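Residue numbers (this note's numbering): 1 to 513. Structure first, then comments.
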């Protein structure tokens with residue numbers, strides 16, 4: 001095929017089916033990247049609600065926003081965003097257990113390696129060695145309710161952290177909708193009643209709306225949510241059900257009044273048959289309960305959720321059902337599934353929006369022409385499937401390692417089989433303190449350490465090469481880094497004040513005792 005011939009096969013029109021977070025997070029970068037070279041249409045119906053509970057993110061969202069050229073203050077103001085330095089886990093390892101998954105490493109790297117392995121050796125040598133969490137800048141900031149963005153002229157010690165956001169998912173989708181429409185995306189409001197295909201190739205040629213109109217296109221992106229209107233409804237992609245190792249299949253979500261202090265982290269509290277989340281926003285606090293209805297009733301789940309609110313409930317709990325897993329293929333013929341139509345993993349580590357970011361990025365990296373070379377779809381499917389598997393293993397890790405045995409649910413989790421890759425990961429850390437990273441684009445070594453050590457695994461051994469170092473000098477270095485972090489954090493502004501200065505949000509009433 002000549003370059004001229006390939007140019008004649010260029011994608012001329014993209015149809016995105018479904019709005020919400022996935023639809024508009026897909027439309028915005030496509031509009032920015034493709035410009036006027038390709039017509040982009042998004043079809044959504046107000047009759048079909050969005051899940052809209054994914055309000056916590058990972059640090060990659062900051063890169064996504066930056067790539068779009070979004071103004072941080074405007075974004076924070078219009079989406080009611082707050083900053084997120086990590087996740088506080090309560091009652092996960094055992095009742096009364098509390099640890100933090102902070103974004104970033106435990107201080108600056110030593111010899112290009114995580115400081116944790118050096119801390120591990122020092123903890124064996126010095127009985128008064130404080131917890132490794134003292135060297136996590138993000139954790140220290142979160143515990144003190146402080147925040148400031150890292151700057152290039154700050155010392156490396158205090159720059160060793162990342163941050164994400166909490167935001168209102170509905171407002172974020174609307175914000176990106178305005179962004180995309182301003183850049184040429186056409187929004188069509190309507191209910192899809194039929195999908196038309198080429199009689200010989202099976203490629204989708206258009207979607208028929210209730211009013212009889214036909215929206216034609218070359219590439220169709222399925223952002224229709226759990227039902228997978230195109231990827232499953234048309235192509236029967238199939239679904240890998242992972243509920244045997246991630247048994248939670250239900251969730252309830254409810255907002256409550258915002259209270260002070262405005263904390264820069266998500267909280268996850270383990271319950272008898274799942275866990276509850278707390279996500280602080282500028283105008284309210286998002287709360288939810290993820291659970292398995294085989295181990296508790298919906299009524300009891302609602303009672304647990306409402307009892308844990310730290311402000312007045314602003315609505316009644318909204319019920320959700322799901323099956324954890326992923327489509328066997330996310331790209332078939334000229335249809336690409338992104339978001340919940342591609343798969344679902346519970347929001348324990350705030351990965352749903354991150355997987356959307358990944359999927360859109362991989363689509364742009366493997367963008368087709370109208371010949372739709374199968375190799376592009378194969379590689380996209382490989383990347384997406386692998387990403388879901390890596391995230392799955394990381395989430396399963398939280399359930400498998402726990403020492404809780406106070407309910408049937410937790411006893412099931414302790415006994416359930418897990419993938420060999422995860423079992424190896426756990427055993428490697430338990431025996432040696434080392435971490436195997438299979439997913440370089442995903443969670444870092446420090447994240448795996450935070451979870452496994454936080455849940456109670458103390459490695460049996462340490463790297464023998466560290467024993468050859470001057471341990472007293474190493475301890476002095478660690479003490480100096482810890483003191484530098486503590487001083488820097490105390491000099492930072494309070495998180496709520498930082499958010500108010502950035503976006504102009506007023507203070508809320510203090511949390512009642």
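Every residue, glycine too, gets a C-beta built ideally from N, C-alpha and C. Since the model is a prediction, treat every value here as computed from it, not as a measurement.
Return helix, strand or coil for residue i, following the three-state DSSP convention.
{"i": "residue 235", "result": "coil"}
{"i": "residue 373", "result": "coil"}
{"i": "residue 423", "result": "helix"}
{"i": "residue 226", "result": "coil"}
{"i": "residue 261", "result": "coil"}
{"i": "residue 382", "result": "helix"}
{"i": "residue 248", "result": "coil"}
{"i": "residue 242", "result": "coil"}
{"i": "residue 78", "result": "helix"}
{"i": "residue 428", "result": "helix"}
{"i": "residue 513", "result": "Confidence is the limiting factor: at residue 513 the pLDDT is only 43, short of 50, which leaves the residue's position unreliable and the question unanswerable from this model."}
{"i": "residue 410", "result": "helix"}
{"i": "residue 216", "result": "strand"}
Do residue j and residue i have their beta-carbon atoms positioned less than 9 Å apart in this structure?
{"i": "residue 40", "j": "residue 185", "result": "yes"}
{"i": "residue 190", "j": "residue 224", "result": "no"}
{"i": "residue 523", "j": "residue 160", "result": "Residue 523 lies beyond the residue range present for the chain, which begins at 1 and ends at 513; the question has no answer from this structure."}
{"i": "residue 254", "j": "residue 293", "result": "no"}
{"i": "residue 520", "j": "residue 295", "result": "Here the chain covers residues 1 to 513 and nothing more, so residue 520 does not appear."}
{"i": "residue 116", "j": "residue 447", "result": "no"}
{"i": "residue 538", "j": "residue 312", "result": "In the structure as shown, the chain starts at 1 and stops at 513, and residue 538 therefore has no counterpart that could be examined."}
{"i": "residue 402", "j": "residue 415", "result": "no"}
{"i": "residue 388", "j": "residue 321", "result": "no"}
{"i": "residue 441", "j": "residue 358", "result": "yes"}
{"i": "residue 168", "j": "residue 81", "result": "yes"}
{"i": "residue 131", "j": "residue 102", "result": "no"}
{"i": "residue 18", "j": "residue 341", "result": "yes"}
{"i": "residue 78", "j": "residue 163", "result": "no"}
{"i": "residue 406", "j": "residue 503", "result": "no"}
{"i": "residue 228", "j": "residue 23", "result": "no"}
{"i": "residue 99", "j": "residue 274", "result": "no"}
Below 8 Å on the Cβ atoms is my contact criterion, and I expect residue i with residue j to pass it. Report the Cβ-Cβ distance as a whole number of Å.
{"i": "residue 243", "j": "residue 449", "result": "Not really, about 28 Å apart at Cβ, beyond 8 Å."}
{"i": "residue 84", "j": "residue 60", "result": "That pair is no contact at about 12 Å."}
{"i": "residue 516", "j": "residue 158", "result": "The first residue shown for the chain is 1 and the last is 513, placing residue 516 beyond what the model contains."}
{"i": "residue 336", "j": "residue 221", "result": "5 Å"}
{"i": "residue 142", "j": "residue 108", "result": "Actually they are not in contact, since the Cβ atoms of residue 142 and residue 108 sit about 19 Å apart, beyond 8 Å."}
Determine the direct distance from the alpha carbon of residue j to that of residue i, and round the result to whole angstroms.
{"i": "residue 343", "j": "residue 30", "result": "21 Å"}
{"i": "residue 477", "j": "residue 427", "result": "30 Å"}
{"i": "residue 125", "j": "residue 488", "result": "28 Å"}
{"i": "residue 346", "j": "residue 331", "result": "22 Å"}
{"i": "residue 12", "j": "residue 369", "result": "9 Å"}
{"i": "residue 210", "j": "residue 192", "result": "6 Å"}
{"i": "residue 434", "j": "residue 127", "result": "22 Å"}
{"i": "residue 371", "j": "residue 231", "result": "19 Å"}
{"i": "residue 96", "j": "residue 21", "result": "36 Å"}
{"i": "residue 479", "j": "residue 452", "result": "24 Å"}
{"i": "residue 264", "j": "residue 219", "result": "40 Å"}
{"i": "residue 381", "j": "residue 439", "result": "16 Å"}
{"i": "residue 303", "j": "residue 252", "result": "11 Å"}
{"i": "residue 513", "j": "residue 309", "result": "Only weak support exists for where residue 513 lies, its pLDDT of 43 falling under 50; the coordinates are left without a value."}
| request: Return the chain-ordered ranges of every beta strand (DSSP E) run that is complete within the stretch 95-123 and spans a minimum of 3 residues. | output: Correct list: 98-102.
| task | Mind listing, in chain order, the continuous beta strand (DSSP E) runs of no fewer than 3 residues lying wholly within the stretch 288-369? | result | Counting only runs of 3 or more, we get 318-321, 325-327 and 335-337.
| request: Give, in chain order, every unbroken run of the alpha helix (DSSP H) that is at least 4 residues long and sits entirely within the stretch 446-505. | output: With a minimum length of 4 residues, the continuous alpha helix (DSSP H) runs that stay inside the stretch 446-505 are 471-490 and 495-503.
| Runs of beta strand (DSSP E) wholly within the stretch 117-202 (minimum 3 residues, chain order) | Runs found: 164-166, 186-189 and 192-197.
| said: If we require 4 or more residues per run, which alpha helix (DSSP H) segments fall completely within the stretch 20-54? | reply: For the stretch 20-54, whole alpha helix (DSSP H) runs of length 4 or above, ordered along the chain, are 20-34.
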